[in-house]
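> So the sequences go chain by chain: P and X. Using this note's numbering, read the first sequence as starting at 1 and increasing by one per residue. Using this note's numbering, read the second sequence as starting at 1001 and increasing by one per residue.
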Amino acid sequence: MSFQKRLQAKEFVVLAEMHTPKGVNISRLVNDARRIKGRVDAIVVPDMDNGIMRMNALAGGVLMQQQGVEAIIHLYCRDRNRMALQGDILAAHVLGIHNLLVVRGEEMSQGDHSEAKAVDDVDECGLLGAIGTLQKGKDMAGFDLDGAPTFFSGASLAPCADEAALEREVAFAAKKVAAGARWLLTPPVYDVARFAAFYERVKGLGVPVVPTVFLLKSLAIAQYIANSEPGANISDELIRRIRKSSDREQEGIHIAGETVAALKPMVQGVLVQTLGWEHKLPAILDVAGL
Amino acid sequence: MEYIKPFKRILLVGCNECVTVCAAGGRKEVGLLASGLHMAVLKSGATIEIREHTLERQCDPEYVEELVPMIDGVEAVMSMACGCGVQEIARRFKNKPVFPALNTKFMGASERQGVWSERCQGCGDCLLGMTGGICPIARCAKQLMNGPCGGSTGGHCEIGEDTDCAWALIWERLKALGQIERYVEITPAKDWRPGGGSGPRKIIREDLAE
């Protein structure tokens, strides 16, 4: 059953994330996809939205589909204007990709090509609207298409450090749903109780909400996120748990798996982010009992 | 420095308008830069004569005309005006090399003494009525039209703690004004043509133009 059908049938979906290479060596990507095939419902393929120049998500998504794994590709506005975006969207449909995830691009100066000029012709709502327009057989300028694409599109939510940001983000999420997002992806969850309170605020938006679970690969990464992202909610207790562990790598896998298991009764699915440690995905899913 | 290296006699021209207000290219800065250039050239073992003059407004042809008696006596002009002034001098004096002394950055406002920040990008399609008087085109790093990005933390933009998140400001202001419905309404993809998307722009007032 496809990702869209499972979500719509209210079945729990398991998503994994896999990055394309910075270069043309696709062996790891392909091997990781083969290894996880059958254990996840779809693989999310980010583009260059984190600011690192790499092979684009369209090619990555096609590679996933070739391995028999359904792909969800990132789409964002920093690097492409409305012409390029629409062209890529049409290409995605023709190449067999039917899931798009509209995300925000990292600010250009924070990436590895900090001297580049950002495009930002449209924003997330504009892009979601464009996908909807294309599906109706028209382009953004109102011209007829020769064959309309079909997509299942989602949008992402941002981490919120305080109540004001949360209130604003919920209002923004409602706009994205109105603009055409049919599911929402949340930032990484490190505190399930806090997430539950957040979930109460967004579950009424009428679309499935899928939280992200991020594999904490080391104590340093956990501490870095705790210090640099006030909205992440990594507790001192969690940091202590990793610090005290005799096998921190294994501890991270357990934490991720336990978080997935704890979220499962509440939500409609989960995205597991392993950031380069995709070979650990099976172990995380084992801990989660999936 | 590289610009003026080949010349023995230049005219350094300031402007009494915006660049004077922001202490970048007025009479005082013309004096300071002239002394600095003098010293630097002397240090390199060469000599240069720098004539100084500050115009009332460098972007108006009437004022630029004032340079006519001075222009033949110099080999090149260095302008301390914004890019508009530099170009106006270049347009008027076709046989004279003109160089910019400033890097013109933006249209801004004075935050406090000695601090200016960008406020307007002249996009030609003003959104301020919808966004509580805070411009997401000039003040949001990504020119987002509908809400903040993931980099907004504690009211700051991800590019730095000294930059406010425009959308955090817009949200707070619309809330204070009781105009949240303005935030909730989806702003469609922007038409960038009036903002320079279709080339250099021009305004013609029929009643004033000759």
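We put the beta carbon where it would ideally sit given N, CA and C, even for glycine. In this text, all values refer to a predicted model and were calculated from it rather than measured experimentally.
Using only the alpha-carbon positions, how far apart do P:F172 and P:A116 sit?
Going from the Cα of P:F172 to the Cα of P:A116 covers about 28 Å.
> What residue range is occupied by the uninterrupted alpha helix (DSSP H) comprising P:A256?
Per DSSP, P:A256 belongs to the alpha helix (DSSP H) from 248 to 263.
> In three-state terms, what does DSSP make of X:G1014?
Three-state DSSP puts X:G1014 in a strand.
> Does the segment 77 to 97 of chain P come close enough to the segment 157 to 177 of chain P that 3 or more CB-CB pairs lie under 8 Å?
The segment 157 to 177 of chain P vs the segment 77 to 97 of chain P: no contact.
> Is the beta carbon of P:L134 sitting closer than 8 Å to the one on P:A155?
Not closer than 8 Å, so no.
> DSSP three-state call for X:A1046: helix, strand or coil?
In the structure shown, X:A1046 sits in coil (DSSP, three-state: anything other than H, G, I, E or B).
> Mapping the DSSP letters down to three states, classify X:E1062 as helix, strand or coil.
Here X:E1062 sits in helix by DSSP.
> If contacts are defined as beta-carbon pairs under 8 Å, then X:I1170 and X:I1134 qualify, I think. What distance do you get, rounded to the angstrom?
With 8 Å as the limit, X:I1170 and X:I1134 qualify as a contact, their Cβ atoms being about 5 Å apart.
> Less than 8 Å between the C-beta atoms of X:K1142 and P:A261, yes or no?
Contact: no.
> Would you check if the segment 1103 to 1116 of chain X and the segment 82 to 97 of chain P touch, i.e. whether three or more CB-CB distances between them fall below 8 Å?
Taking 8 Å as the limit for Cβ pairs, the verdict is that the segment 1103 to 1116 of chain X does not touch the segment 82 to 97 of chain P.
> Measuring only the C-alpha atoms, how far is X:S1044 from X:C1140?
Their Cα atoms are separated by approximately 44 Å.
> Go ahead and pull the three-state DSSP assignment for P:Q4.
In this structure, P:Q4 counts as helix in the three-state DSSP scheme.
> Output needed in chain order: residues of the segment 130 to 156 of chain P with a Cβ under 8 Å from some Cβ in chain X.
Going along the segment 130 to 156 of chain P in chain order, one finds A130, M140, S156 with a Cβ nearer than 8 Å to chain X.
> Could you give the residue range of the beta strand (DSSP E) that holds X:Q1179?
From DSSP, X:Q1179 is part of no beta strand (DSSP E); its letter is neither H nor E.
> Does the CB of X:S1152 have a neighbour CB from chain P at under 8 Å?
So, interface residue.
> Give, in chain order, every unbroken run of the alpha helix (DSSP H) that is at least 4 residues long and sits entirely within the segment 1067 to 1091 of chain X.
Entirely contained in the segment 1067 to 1091 of chain X, the alpha helix (DSSP H) runs reaching 4 residues are, in chain order, 1068 to 1071.
> Say whether chain X places a C-beta atom closer than 8 Å to the C-beta of P:D79.
No, because no Cβ of chain X sits closer than 8 Å to the Cβ of P:D79.
> Taking 8 Å as the CB-CB limit, is X:V1134 close to chain P?
Just to set this straight, residue 1134 of chain X is Ile in the shown sequence, not Val. Chain P contact via Cβ: absent.
> Mind the definition here: the segment 1011 to 1020 of chain X touches the segment 242 to 252 of chain P only if three or more C-beta pairs lie below 8 Å; say whether that holds.
Contact between the segment 1011 to 1020 of chain X and the segment 242 to 252 of chain P is absent, because fewer than three Cβ pairs lie under 8 Å.
> How would you list, in chain order, the residues of chain P whose beta-carbon sits under 7 Å from the beta-carbon of X:Q1143?
Chain P residues near X:Q1143: D120.
> Tell me which residues share the same chain as X:H1038 and place their Cβ nearer than 8 Å to its Cβ, disregarding the 5 neighbours each side in the sequence.
For X:H1038, where only same-chain residues beyond five positions count, the Cβ hits under 8 Å are I1048, I1050.
> Check each candidate in X:V1074, X:E1172, X:F1007, X:T1163 and name the one with the smallest Cα separation from X:R1119.
Ranking the options by Cα distance to X:R1119, first place goes to X:T1163.
> Can you tell me the Cα-Cα spacing of P:V272 and X:G1036, whole angstroms?
Rounded to whole angstroms, P:V272 to X:G1036 spans 60 Å at the Cα level.
> Run through the segment 26 to 78 of chain P for me and flag every whole beta strand (DSSP E) of 3 or more residues, listed as ranges in chain order.
For the segment 26 to 78 of chain P, whole beta strand (DSSP E) runs of length 3 or above, ordered along the chain, are 42 to 45, 71 to 75.
> Where do the ends of the alpha helix (DSSP H) carrying P:F195 lie?
Start and end: 192 to 202.
> In chain P, which residues lie with their C-beta within 9 Å of the C-beta of X:V1041?
The contacting residues do not exist; X:V1041 stays about 32 Å from chain P at best.
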